[in-house]
Amino acid sequence: MKHPLEKLKDPVENLLLWIGRFLRTTKIIFSSFGNGFNSCAKIDI
Numbered sequence: 644m645k646h647p648l649e650k651l652k653d654p655v656e657n658l659l660l661w662i663g664r665f666l667r668t669t670k671i672i673f674s675s676f677g678n679g680f681n682s683c684a685k686i687d688i
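Okay, so the sequence shown: first residue is 644 according to my numbering, each after it adds one.
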């Protein structure tokens, strides 16, 4: 019989991978959005 933590390991790893991927994509979106915002701010000033 498998240890309960062994069973939990897979979903937890998948969740962590998903979170990492999600954070990476949001970081890319935010950095591109931030760059656009910065260029707009420079034009306004």
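Glycine included, each C-beta is placed from N, C-alpha and C at the ideal position. Just so we're clear, the structure is a prediction, and the values are computed from it rather than from any experiment.
Neighbour flag for residue i against chain C, beta carbons, 8 Å
{"i": "C683", "result": "Judged by its chain identifiers, the structure shown contains no chain C, having just a single protein chain."}
Rounded straight-line distance, which links the Cα of residue j to that of residue i
{"i": "I656", "j": "E649", "result": "Just to set this straight, residue 656 is Glu in the shown sequence, not Ile. Going by the C-alpha atoms only, they are around 11 Å apart."}
{"i": "C683", "j": "L651", "result": "47 Å"}
{"i": "P654", "j": "G677", "result": "33 Å"}
{"i": "G679", "j": "L660", "result": "29 Å"}
{"i": "N741", "j": "F665", "result": "Given that the chain is displayed from residue 644 to residue 688, the structure contains no residue 741 and the question cannot be resolved."}
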